[in-house]
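Chemist: Below are the structure tokens for one structure; questions will follow.
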Amino acid sequence: MKYIFYIILFSFIQINAQIFEREISTIDFFKNNKLLENIFYGGVNNPEFQFIDINGDTNSDLFILSSDGTFISYINDNNNLLYNDNYFSELKISNWFFFVDIDNDDDYDCFTGAENNQLSYWENIGDKFNPNFRLQLEPVLDDNNEPIFSESVSNPVFVDIDNDNDFDLISGNQAGTVTFYENIGTADSFLFKFITNNWNDILIVGTKQNQIQKHGASSLEFGDIDSDNDFDILWGDFFSNSLYFLENEGTPENPDLNLKSNIFPVNSDSINTPGFNMPRLFDINKDGTLELFVSVLYEASIDETIIYYERIDSNPLSGYKLLTKDFLYSLDIGSKSIPAFVDIDADGDKDLFIGSEKNPNGTLYFFENEGDNFSPEFIFKDSLFSNIQSSLSIAPAFVDIDFDGDYDLLIGRFLGEIDIYINEGTNQSYSFSQPNTLKDDLGNNIKFSNFVRPVLIDIDNDDDLDLVLGGFNGRLQLYRNNGSKFNYSFQKDDTYFEEIDVGEQSAPAFSDIDNDGELELLIGNRDGDLKLFKKENGNYVLKDEKFLSNFGGDSFPSLVDIDSDGDEDLFIGNIKGGIYFYRNKLITKVEYSNSINHKNEVGISNYPNPFNNSTIINLQLEKSGMYNLAVYNILGERLKTIYDGFIEAGVKSFYFAPSEISSGNYFIVLLNHNQQLFVHPVIYLK
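Taking the numbering used here, the leading residue of the sequence shown gets 431, the next gets one more, and so forth.
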């Protein structure tokens, strides 16, 4: 006889994105024995950035625009930069941005790019403590009512270059020259006048290593580097691996800029990156000198975020020392992070692997969980796990494909094929074979779209794992397993997912999000959205076009019960190389019977019951597989994991002796690989 028991007090009737709540730093990650900061901020790519005090507390805050259009802020709290996703939701940033007090009212306004290389102006109508931005001009016009232009691929600067107490506009050009708009208005009311496209006769011709001289996009920064009370220039060029230093040999009123070095700083710490470096000078430690910060705008797949140099002496060429290549020091593997969770060492908790995109070879990052299944703690172990790499990008999927009790590995490759690595070790000590290309039932290489992402799931409930592929074409491809769970044989099925098309870069993930016994389908895409599909009459139907969104580009979902509370939490990789984390707050109900559960697949009993000191829990399983056995209280809180791993079909017994719980009613909960719950009530008498 079946009964309904509410593990928690209420249940949701419909799936809603609000069951997932974003968290930033609630799970600890360590790298080189140092705690990472702002863990789940999502990453940055080609960060264009600026330090300002946006809230009037005299501390330097940080704003970053990534190449996928994501605009984020870090608010300085007692010298700790804390990620904040609530600042300036009204601001629409495009191509570049620059904060400046253009109207002399003691708060920061903002200029940013607009269509056709024009500008838009957002006035701060709040104050320096509580900023509030409103679009005032788009496009911004000059004194002749003509649109002001600044190339979208370059980063302009607003600076008082003629020492008349207002801010002028200076922008680099792809020709290697500089455009100058003089502010002929006042400090309170700006008005720009076009002066020249060849300001100061500057001509920068970039030269990367082993390349001919070329003109390119630029990123300029002005600062008094030589301490003579006028503005010098640091110039990042598209075709330069370092920075150019132009010294102002004129006066504050009449600048005379001359190239002094094509590398910077001129010492053993010289900047040397793939190219197009963006410099910023800012006194972050309030010591009266300008520190140097540099980001890389050319290559998106590097691990470093912002490079930080300390000013160590007054020499304008050599007086900077490299402190770190990763100022943000957070979870960011470069580009196209594809997370996968698996208990690779059979210690009862989920470890984290992240596939990456890199030039020339994508690799697999490994973070070992050295916490437990309630309170995970991840330690960075390797950026080249098991020496696994593939051209440009890899997408990992761990699965026991040969049903021998340990996890094997599938790697989706850039060109659409899949490598399979068989685990020839054990569930506690992995050892992966050399890769073979995954084949179908006809012996042909399985190949889908570029950037293929494999997922294995029992799509047809026949007790073996089928293969679902996402890829660049935005569609899904099913290969049904017509073999067995011991010997797979994948047969192509072109009809099952034929109605699904999410645009570009489909990334599927399956989970019973609402605990209704059916697997929902989440698909990430090129636009950075997550689309929700539910099963109706055996087929998946779109239910929510933007179940969750605003992840920038190329969202890659992965669902796992990271806190062992009985529901799956959501981790989302993306093109920026970081991870977004959403904890599942779903309140749900489950069914139980006092012996045999769903479809007679599982029998759970214990003796004695009620029990005093200890009890024996007996499982009768019709199917071998991966199982999690745990004890819950009546509030649905997991108290103890008894076992997590592979169990053979048949009868299996487990000893349970509670030590720190009070007398009362509890529940033995078994979770299988399809996320089905089997529940058995017990009574503990202390």
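Each residue gets a CB set at the ideal place from its N, CA and C atoms; glycine is no exception.
Here the structure is a predicted model, which is why all the values come from computation and not from measurement.
Along the chain, which unbroken stretches of the beta strand (DSSP E) at least 3 residues long are found entirely within the stretch 585 to 635?
Modeler: Listed in chain order, the complete beta strand (DSSP E) runs (minimum 3 residues) inside the stretch 585 to 635 are 587 to 589, 598 to 602, 608 to 613, 622 to 626.
Chemist: Using the C-alpha atoms, what's the distance from N891 back to V1032?
Modeler: Answer to the nearest angstrom: the Cα atoms are 16 Å apart.
Chemist: Mind reading off the beta-carbon distance from V696 to F597? Whole number of angstroms is fine, and I expect it under 8 Å.
Modeler: Not really, about 30 Å apart at Cβ, beyond 8 Å.
Chemist: Taking all protein chains shown into account, decide if I555 is buried (16 or more other Cβ within 10 angstroms of its Cβ) or exposed.
Modeler: With fewer than 16 Cβ atoms within 10 Å of its Cβ, I555 is classed as exposed.
Chemist: Under the rule that 16 or more other beta-carbon atoms within 10 Å means buried, what is Q566, buried or exposed?
Modeler: Its Cβ having fewer than 16 others within 10 Å, Q566 is exposed.
Chemist: Pick helix, strand or coil for S1025, following the three-state DSSP scheme.
Modeler: Caution is warranted here: a pLDDT of 37 is assigned to S1025, below 50, making its placement in the model unreliable, and no coordinate value can be reported.
Chemist: So is D515 buried or exposed if we call it buried at 16+ other beta carbons inside 10 Å?
Modeler: Exposed: under 16 other Cβ atoms inside 10 Å.
Chemist: With H, G and I counted as helix, E and B as strand and the rest as coil, what does DSSP make of A447?
Modeler: In the structure shown, A447 sits in a helix (DSSP, three-state: H, G or I).
Chemist: When you compare the CB positions of Q1054 and I1077, do they come within less than 8 Å of one another, or not?
Modeler: The identity of residue 1054 in the sequence shown is Ser, whereas the question assumes Gln. Yes, Cβ-Cβ distance for S1054 and I1077 is below 8 Å.
Chemist: Quick check: A770 and A730, are their CB atoms within less than 8 Å of each other?
Modeler: Going by C-beta atoms, A770 is not nearer than 8 Å to A730.
Chemist: By alpha-carbon positions, which one of I818, K1006, I831, R1013 ends up nearest to Q1124?
Modeler: Any question about residue 1124 goes unanswered here, given that the chain covers just 431 to 1116.
Chemist: Helix, strand or coil for N803, going by three-state DSSP, please let me know.
Modeler: Three-state result, N803: coil.
Chemist: Quick check on F862: does DSSP put it in helix, strand or coil?
Modeler: Three-state result, F862: strand.
Chemist: Beta-carbon separation of I824 and T793 under 8 Å?
Modeler: It is a contact, given that the beta carbons lie within the stated cut-off.
Chemist: Can you tell which of F878, N595, P682 has the C-alpha that lies nearest to the C-alpha of D618?
Modeler: It is N595 whose Cα lies nearest to the Cα of D618.
Chemist: Pull the bridge partners of D974 from the DSSP assignment, please.
Modeler: Paired residue(s): L962.
Chemist: Can the beta-carbon of D888 be found closer than 8 Å to that of Q921?
Modeler: No, the Cβ-Cβ distance between D888 and Q921 is not below 8 Å.
Chemist: Going by DSSP, what residue range makes up the beta strand (DSSP E) through Q548?
Modeler: From DSSP, Q548 is part of no beta strand (DSSP E); its letter is neither H nor E.
Chemist: For the beta strand (DSSP E) holding Y738, just list the boundary residues, first then last.
Modeler: Taken as a continuous stretch (DSSP letters only), the beta strand (DSSP E) holding Y738 covers 737 to 741.
Chemist: Which stretch, first to last residue, makes up the beta strand (DSSP E) that contains W665?
Modeler: Residues 662 to 667.
Chemist: In or out: N1024 buried (at least 16 other Cβ within 10 Å) or exposed?
Modeler: Low local confidence applies: a pLDDT of 39 at N1024 is under 50, so the model's placement there is unreliable, with the coordinate-based value given in what follows. Looking at its Cβ environment, which holds fewer than 16 other Cβ atoms inside 10 Å, N1024 is exposed.
Chemist: According to DSSP, is F1108 part of a helix, a strand, or is it coil?
Modeler: Looking at F1108 - three-state DSSP - the assignment turns out to be strand.
Chemist: The beta strand (DSSP E) with L689 in it runs from where to where?
Modeler: That run of the beta strand (DSSP E) goes 687 to 691.
Chemist: In or out: S861 buried (at least 16 other Cβ within 10 Å) or exposed?
Modeler: With fewer than 16 Cβ atoms within 10 Å of its Cβ, S861 is classed as exposed.
Chemist: Confirm the yes/no value for this check: CB of L1000, any heavy atom of the ligand FAD, distance under 7 Å.
Modeler: The ligand FAD is not part of the structure shown, which contains no ligands of any sort.
Chemist: Please return the same chain residues whose Cβ sits closer than 7 Å to the Cβ of D656, not counting the five positions on each side in sequence.
Modeler: D662, E677, P746, listed in sequence order.
Chemist: Tell me, which residues are paired with V724 by DSSP?
Modeler: Answer is P709, I737.
Chemist: With a threshold of 16 other CB atoms inside 10 Å of the CB of V1081, please say whether the residue is buried or exposed.
Modeler: Answer is exposed; the Cβ neighbour count stays below 16.
Chemist: Answer with buried or exposed for Y1022, where buried requires no fewer than 16 other C-beta atoms within 10 angstroms of its C-beta.
Modeler: Residue placement at Y1022 cannot be trusted, given a pLDDT of 42 that sits under 50; the coordinates are not used to answer.
Chemist: If we require 3 or more residues per run, which beta strand (DSSP E) segments fall completely within the stretch 742 to 794?
Modeler: 750 to 754, 768 to 772, 781 to 785, all fully within the stretch 742 to 794.
Chemist: Hey, which unbroken runs of the beta strand (DSSP E) at 3 residues or more fall wholly within the stretch 884 to 942?
Modeler: Complete beta strand (DSSP E) runs here, min 3: 896 to 900, 906 to 911, 920 to 923, 937 to 941.
Chemist: Just verifying my parser: in three-state terms, what is the DSSP assignment at N969?
Modeler: N969 falls in the strand class under three-state DSSP.
Chemist: My assumption, with CB atoms under 8 Å, is that F927 sits in contact with Q907. Please give the rounded CB distance.
Modeler: Confirmed, Cβ separation roughly 7 Å.
Chemist: Please report the straight-line C-alpha distance between V971 and D536, rounded to a whole angstrom.
Modeler: Whole-angstrom Cα-Cα distance: 54 Å.
Chemist: Using DSSP with H/G/I as helix, E/B as strand and the rest coil, what is S816?
Modeler: Three-state result, S816: helix.
Chemist: What residue from L512, S725, I742 has the CA that sits closest to G718's CA?
Modeler: The residue with the shortest Cα to Cα distance from G718 is I742.
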